[in-house]
Structures are given as C-alpha cells and as structure tokens.
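Quick notes on the structure that follows.
In this note's numbering, the protein residues as written are 6 to 250.
This is how it looks when you write it as structure tokens:
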C-alpha cells in the first residue's frame, strides 16, 4: 500500500486474541511479514482499537472475555466493512456458518499454521483492494445522461426527470439511482451500498439501505418495480431496463 507521495504505508492488522502465548507468535509472524499489528485481549478493547486505528484486516477469536467474538463482529458490521478472519477452536459446520452469516469474510480453525494464516491475510487484503478499486469507479461521476423508460438522469446538472417532470430526490437517492442505472443487472449487496453511498461511515445498518430503496421506488412510480430485491443479498436494476442516451 502507498500514500499519494509514494511513501510506503504498512497495512494494519488488528489481532483479537486472549491467549497470550498464541498472540505473541501471531504478532511476531505478522510483523515479520511487514504488517503493523495491534493486539486486543478482549472484545471491548477490540472495538476501541478498531475505531482508533481503522485496521485493514481484523483477526478475531471466537471465545473472548467481556464481549465474545460474534458480538464484536455484529457491532463491527453495523458501521464497517473491514475484512474479518475468524480464529476459533470450533470446527463444527454450524459454527462456521453462523460466523459467515453474521459477516465474517473467512474462517480458520485452531490449531493453524502461521504460513496459512499469513496467506489468508494476504488474500483478504488483495480482495479488499479490488473492492476499493470497484467502489472508487462506482463513485466517479459519469457525464453521460442515463435513462429508464421515460426517466432521465443527468449527472452534470444533477437532475432527474420523469415524463418531463423534475423529481425531488435526496443526494443519497440520486446516487443510488445513478449507480443502478449505470450497471443494470448487477447485484449490489447492502454492505457494498453502505460503503459506496455513505463511504462506510453511516451507522444505521441494512435497514437504512432498505428505506432509501423504498423511498426511491415510490418516487419512480411504476418504474420503481424495476429495482428488484435479491433476498439475502441486496438489490439490482432489472437487466436491460436502462441505458445511456
């Protein structure tokens, strides 16, 4: 990772592990691999360090004092898309599914090799960088006018008209509509929409995205049905429904 002035920046890892002997080994390996590492021995400290340091990846133990790993993960996912690798002695499939459904990106069962741990961290960082590049592209304002039936969206004037009448859209509704119109048929997860539309800083969870979609559908009238719900994932614009003018 690099800053704008080409000075190297160490990627930051937050390790949340209450077994001190294991934590020391993991920190030594990660620092040897070139990462800056912060360590939390319990769940509450993990949330505090995450807020203060904004790590690139979180290594999160399941069983923790004060606040367990699943609750830490739930709270992180209310406002953050930081990649999370769960570390746990639990090997049952049901346990892995619970962690993944709450929002974990990967799962590593103890005991594990340090080589595999570092490899998985690198994979998560590569994936996160690709997502950042995609988000950056989605945030760029295109100059072409977009259409959906009798709907017109003009990025340059920041206006949307339906049957020639100007629609009163909030900035977030406008950004969501533009994103959907630019990529018909593409599925957008709720967490991705939070990261793209609110830069990941809006604390409101999935319901906030749902409310924006609901308001936008109402303002679009019959055309609002073109915004399809993908259950368990998010939303997409019906493929072929829009295009550039």
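The C-beta atom is built at its ideal place from N, Cα and C for all residues, glycine as well.
- Separation of the CB atoms of residue 20 and residue 28 is rounded to 6 Å, and the pair is thereby assigned contact status at 8 Å.
- Under a 10 Å Cβ-count criterion, residue 219 is classified as exposed, with fewer than 16 other Cβ atoms of the shown protein chains found around its own Cβ.
- Counting only runs that start and end inside the stretch 44–123, the alpha helix (DSSP H) elements of at least 4 residues fall at 48–58, 74–82 and 98–107.
- Just so you know, the alpha carbons of residue 216 and residue 25 end up roughly 44 Å apart.
- Within the stretch 148–207, the runs of alpha helix (DSSP H) at least 4 residues long that lie entirely inside it are, in chain order, 176–187 and 195–202.
- One Cα belongs to residue 113, the other to residue 66, and the distance between them is close to 10 Å.
- Annotated three-state conformation of residue 22 is coil, per DSSP.
- Bounds of the beta strand (DSSP E) holding residue 235 are 232–235.
- Considering only 83, 70 and 40, the residue with the shortest C-alpha distance to residue 56 is 83.
- DSSP lists 232 as the bridge partner or partners of residue 242.
- With three or more CB-CB distances shorter than 8 Å, the stretch 188–199 counts as touching the stretch 231–239.
- In this structure, DSSP gives residue 134 a helical state, which the three-state scheme calls helix.
- Nearest Cα to residue 16 within the set 32, 76, 238 and 41: 41.
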